[in-house]
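Enquirer: Submitted below is the structure of interest, expressed as structure tokens.
There are 2 protein chains.
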Amino acid sequence: MERKWAGMGRSGRVTLTDVAKASGVSRATVSFVLNDDPRQTISAATRERVMEAAQELGYVAHGIARALREGSSRIVVLNVDWGMEGNFSRSYVRGLDEELAEHGHILLVRHGHAIPEATQQMLDTIAPRAVLRLGEAYLQGHEPTEADWENGFAANAALQIRYLAERGHTRIAMGMTDREYPLTGVRLGFAQEAARRLGLPPLERFVVPRPRQAGAAAVETFLAAHSDVTALAAFDDDIALRALTALRDLGLRVPEDVAVIGFDETEYGSLSTPALTTVHIDAEILGRIAARNALGIDPGTLAPPPGRIVTRASA
Amino acid sequence: MERKWAGMGRSGRVTLTDVAKASGVSRATVSFVLNDDPRQTISAATRERVMEAAQELGYVAHGIARALREGSSRIVVLNVDWGMEGNFSRSYVRGLDEELAEHGHILLVRHGHAIPEATQQMLDTIAPRAVLRLGEAYLQGHEPTEADWENGFAANAALQIRYLAERGHTRIAMGMTDREYPLTGVRLGFAQEAARRLGLPPLERFVVPRPRQAGAAAVETFLAAHSDVTALAAFDDDIALRALTALRDLGLRVPEDVAVIGFDETEYGSLSTPALTTVHIDAEILGRIAARNALGIDPGTLAPPPGRIVTRASA
DNA sequence: TAACGTCACTAGATCGTTTCAGTTCACCGC
DNA sequence: GCGGTGAACTGAAACGATCTAGTGACGTTA
Numbered sequence: 017m018e019r020k021w022a023g024m025g026r027s028g029r030v031t032l033t034d035v036a037k038a039s040g041v042s043r044a045t046v047s048f049v050l051n052d053d054p055r056q057t058i059s060a061a062t063r064e065r066v067m068e069a070a071q072e073l074g075y076v077a078h079g080i081a082r083a084l085r086e087g088s089s090r091i092v093v094l095n096v097d098w099g100m101e102g103n104f105s106r107s108y109v110r111g112l113d114e115e116l117a118e119h120g121h122i123l124l125v126r127h128g129h130a131i132p133e134a135t136q137q138m139l140d141t142i143a144p145r146a147v148l149r150l151g152e153a154y155l156q157g158h159e160p161t162e163a164d165w166e167n168g169f170a171a172n173a174a175l176q177i178r179y180l181a182e183r184g185h186t187r188i189a190m191g192m193t194d195r196e197y198p199l200t201g202v203r204l205g206f207a208q209e210a211a212r213r214l215g216l217p218p219l220e221r222f223v224v225p226r227p228r229q230a231g232a233a234a235v236e237t238f239l240a241a242h243s244d245v246t247a248l249a250a251f252d253d254d255i256a257l258r259a260l261t262a263l264r265d266l267g268l269r270v271p272e273d274v275a276v277i278g279f280d281e282t283e284y285g286s287l288s289t290p291a292l293t294t295v296h297i298d299a300e301i302l303g304r305i306a307a308r309n310a311l312g313i314d315p316g317t318l319a320p321p322p323g324r325i326v327t328r329a330s331a
Numbered sequence: 017m018e019r020k021w022a023g024m025g026r027s028g029r030v031t032l033t034d035v036a037k038a039s040g041v042s043r044a045t046v047s048f049v050l051n052d053d054p055r056q057t058i059s060a061a062t063r064e065r066v067m068e069a070a071q072e073l074g075y076v077a078h079g080i081a082r083a084l085r086e087g088s089s090r091i092v093v094l095n096v097d098w099g100m101e102g103n104f105s106r107s108y109v110r111g112l113d114e115e116l117a118e119h120g121h122i123l124l125v126r127h128g129h130a131i132p133e134a135t136q137q138m139l140d141t142i143a144p145r146a147v148l149r150l151g152e153a154y155l156q157g158h159e160p161t162e163a164d165w166e167n168g169f170a171a172n173a174a175l176q177i178r179y180l181a182e183r184g185h186t187r188i189a190m191g192m193t194d195r196e197y198p199l200t201g202v203r204l205g206f207a208q209e210a211a212r213r214l215g216l217p218p219l220e221r222f223v224v225p226r227p228r229q230a231g232a233a234a235v236e237t238f239l240a241a242h243s244d245v246t247a248l249a250a251f252d253d254d255i256a257l258r259a260l261t262a263l264r265d266l267g268l269r270v271p272e273d274v275a276v277i278g279f280d281e282t283e284y285g286s287l288s289t290p291a292l293t294t295v296h297i298d299a300e301i302l303g304r305i306a307a308r309n310a311l312g313i314d315p316g317t318l319a320p321p322p323g324r325i326v327t328r329a330s331a
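Protein chains in written order, with this note's numbering: chain A, 17 to 331; chain B, 17 to 331.
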């Protein structure tokens, strides 16, 4: 089955012209009908005929041509420039994707540390409606307000620290990645502020590098210098897992000697020994908000659900 | 600094016309120069003038317009429809990306289980030069030949089984995912064939589901029914890690009671107790081959390096 | 000197949309 | 029977590239 109907350009593509010809109207009219342009008045009969013809022929708008005319395509690009494989990222992407779809747009996720040049070239090719970055949107696009402390990024960061504080830990250290990401500074800042609000001393910051041996060495050095530390809050589950392994390699007991808590639940955290206590974050609503912002739609009163602790054995 | 130079359309975009105007030639000529079209003869002087003007004005080709004219954009889409976070996927993407870049194309990676409808819509918008799928390309696009057994997917699958066989294991089971991926069947087939060639009995197949408790239950059930099994070969490191945890939860010793080997090295495998023995695969060359195939370029004599065992403690 | 070839370029069609600026027609009030 | 109005359309110009089919100008050959 090659061509179901006559009236299809040599290219194999059904175009507006084909639909116009089939329904006996002009291209313009077809366009008006298909996009139901509110500025036009089209008779019900014509509308019907056009719709039917489009259906029959299997017309699908040529996004490239449309984008050329409109100035930008109906695509939104999300850059996820660090391998955040947790629940946050996944749910955020889901929310973003769904909300965009509801407004006729498409999400394109670009993972990995993009070569700037290639990215730029891609953007020129795609001409996306908007380009987002995972980290930026986490903050809902503004400086942290008290609302963020109630229910947002800051609140989730605080949740992690508070959990440890409630278990009686007062000297808490913050395990960070060996690479600087856009979000690392922000996260650390929130954690520090949370500690301050809880009346705790400032969090000592240290890095847990890979591979395994280096991680263990780093943790050993750190604990030697800060023997009063009894708990580690990690930047994410990855770091937490590295720390957990390091502590066990050093012969320390978790959580008795040092408690460890992760951030942004992953499957791997559930498989370690001891299993990792962590923070679960559902960012779907955040994704939806970002989508609306990107499209210039009123975000309404969407509010993200609070994060919650996944209590397991490590803290 | 808004507009560096005069002669830039109201849209803020520098177009071919602008460059043409600036260098005193026609649009066509500019296009010929910039794409150095071999079918045209352009004087050195003109070439120079055009290049310079383009540089000055900061001209960058409008991919959308080009795509409309050419029928497809210079984008290649790669669908990675299952979370394969190992070395294979990463190196494959790197190779693909680099090779495409060398030919003026761009890689767009689409992660996650794409909604078919949205994907189709995206493809209509992007009009990519080619759409690839991670699994397909693993096979270099053809049925497994003896070459694949020498050095390819089949060889890597065999490597895993052979390692266990060399350690004296004869009853080996294959741990699979709970979801069926395009590749699962192929992988299992190769492993079975490898076992046959090594004179081993057929591999018993079983699934290691999540979460942790379910995994342990599955492993327990399986081992009860197949008490002679002494080694588990996993579909990937993820499954291996689940199995490792399950075995430990059941009080079994790894590798003494049951040996475990993963596939496609991840960082997590190095953090477990015992650390996971696995197979490391560098797929960069495979990515380059796929790129050339996609662009219709002769792949030449590129040959992927053989996989290698990463010997750690679990097998 | 007419015919022919090559060089160095240009005009304009083309890709498939969207959308502005009309056009036609029926109907209304006076 | 004339101007005015709104409904229901249509024509054609964009958008920014590529690329075919020419067009002069100059040099070479018979």
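All C-beta atoms in this analysis are idealised placements derived from N, C-alpha and C, irrespective of residue type, glycine included.
Can the beta-carbon of B:L266 be found closer than 9 Å to that of B:A232?
Expert: yes
Enquirer: Taking A:P227 as the query, report the chain B residues whose CB atoms sit under 7 Å from its CB, ordered along the chain.
Expert: S286
Enquirer: I'd like the list of long-range same chain contacts for B:L199, defined as Cβ closer than 6 Å, with 5 residues on each side in sequence excluded.
Expert: Once the five neighbours on either side are set aside, the close Cβ partners of B:L199 are G151.
Enquirer: DSSP state of B:T294, grouped into three classes?
Expert: strand
Enquirer: For B:Q137, is the classification buried or exposed, using 16 other Cβ atoms within 10 angstroms of its Cβ as the cut-off for buried?
Expert: Flag for B:Q137 reads buried.
Enquirer: Smallest Cα separation from B:G28: which of B:D194, B:E182, B:G74?
Expert: B:G74
Enquirer: Could you check what DSSP says for B:N95 in three-state terms: helix, strand or coil?
Expert: strand
Enquirer: Going straight from the alpha carbon of B:F251 to that of A:L292, what length do you get?
Expert: Put simply, the backbone Cα of B:F251 is about 25 Å away from that of A:L292.
Enquirer: Within 9 Å (strictly less), CB to CB, does B:M192 reach chain A?
Expert: no
Enquirer: Within the same chain, show all residues whose beta-carbon is closer than 6 Å to that of A:I313, passing over the 5 residues directly before and after it, in chain order.
Expert: none
Enquirer: Considering only residues of the segment 255–303 of chain A, which uninterrupted beta strand (DSSP E) runs meet the minimum length of 3 residues and lie entirely inside it, listed in chain order?
Expert: 275–277, 294–296
Enquirer: Could you tell me how far apart the beta carbons of A:A189 and A:L248 are, in whole angstroms, since I believe they sit closer than 8 Å?
Expert: Yes, A:A189 and A:L248 are in contact; Cβ-Cβ is about 5 Å, under 8 Å.
Enquirer: To which residues does DSSP link B:R178 through a beta bridge?
Expert: None, per the DSSP bridge assignment.
Enquirer: Here's the rule: buried if 16 or more other CB atoms are within 10 angstroms of the residue's CB, otherwise exposed. What is A:R308?
Expert: buried
Enquirer: Helix, strand or coil for B:R149 per DSSP?
Expert: strand
Enquirer: Within 10 Å of its beta-carbon, does B:A241 have 16 or more other beta-carbons around it, so buried, or fewer, so exposed?
Expert: exposed
Enquirer: Would B:N95 be called buried (16 or more neighbouring beta carbons within 10 Å of its own) or exposed?
Expert: Here B:N95 is buried: its Cβ has 16 or more other Cβ atoms, across all protein chains shown, within 10 Å.
Enquirer: Taking A:V30 as the reference, which of B:A36, B:V276, B:S89, B:D140 has the closest Cα?
Expert: B:D140
Enquirer: Taking 9 Å as the CB-CB limit, is A:G303 close to chain B?
Expert: no
Enquirer: Smallest Cα separation from A:K37: which of A:L214, A:D280, A:T62?
Expert: It is A:T62 whose Cα lies nearest to the Cα of A:K37.
Enquirer: What does B:I91 reach in chain A if we use C-beta pairs closer than 8 Å?
Expert: M138, T141, I142
Enquirer: Let me know if A:R195 comes out buried or exposed under the rule of 16 or more other beta-carbons within 10 Å of its beta-carbon.
Expert: exposed
Enquirer: Might you give, ordered along the chain, the residues of its own chain that have their beta carbon closer than 6 Å to the beta carbon of B:A115, omitting 5 neighbours on each side?
Expert: As written in the sequence, residue 115 of chain B is Glu, which differs from the Ala given in the question. If we look at B:E115 and ignore the five residues flanking it on each side, its Cβ neighbours are R304, A307.
Enquirer: Closer than 7 Å by C-beta to B:R43: which residues in its own chain qualify, once you throw out the five before and the five after it? Chain order, please.
Expert: L32, T33, A36
Enquirer: At what residues does the alpha helix (DSSP H) containing A:V326 begin and finish?
Expert: DSSP places A:V326 outside any alpha helix (DSSP H); the residue lies instead in the beta strand (DSSP E), whose first and last residues are 324–326.
Enquirer: Less than 9 Å between the beta carbons of B:N103 and B:T261, yes or no?
Expert: No. Outside cutoff.
Enquirer: Would you report the Cα separation of B:P225 and B:V270, rounded to the nearest angstrom?
Expert: 19 Å
Enquirer: Exposed or buried, which one is B:S243 when buried takes at least 16 other CB atoms within 10 Å?
Expert: exposed
Enquirer: Does chain A have any CB closer than 9 Å to the CB of B:H127?
Expert: yes
Enquirer: Could you check the C-alpha separation between A:L214 and A:N51 for me, to the nearest Å?
Expert: The straight-line gap separating the alpha-carbon atoms of A:L214 and A:N51 is approximately 55 Å.
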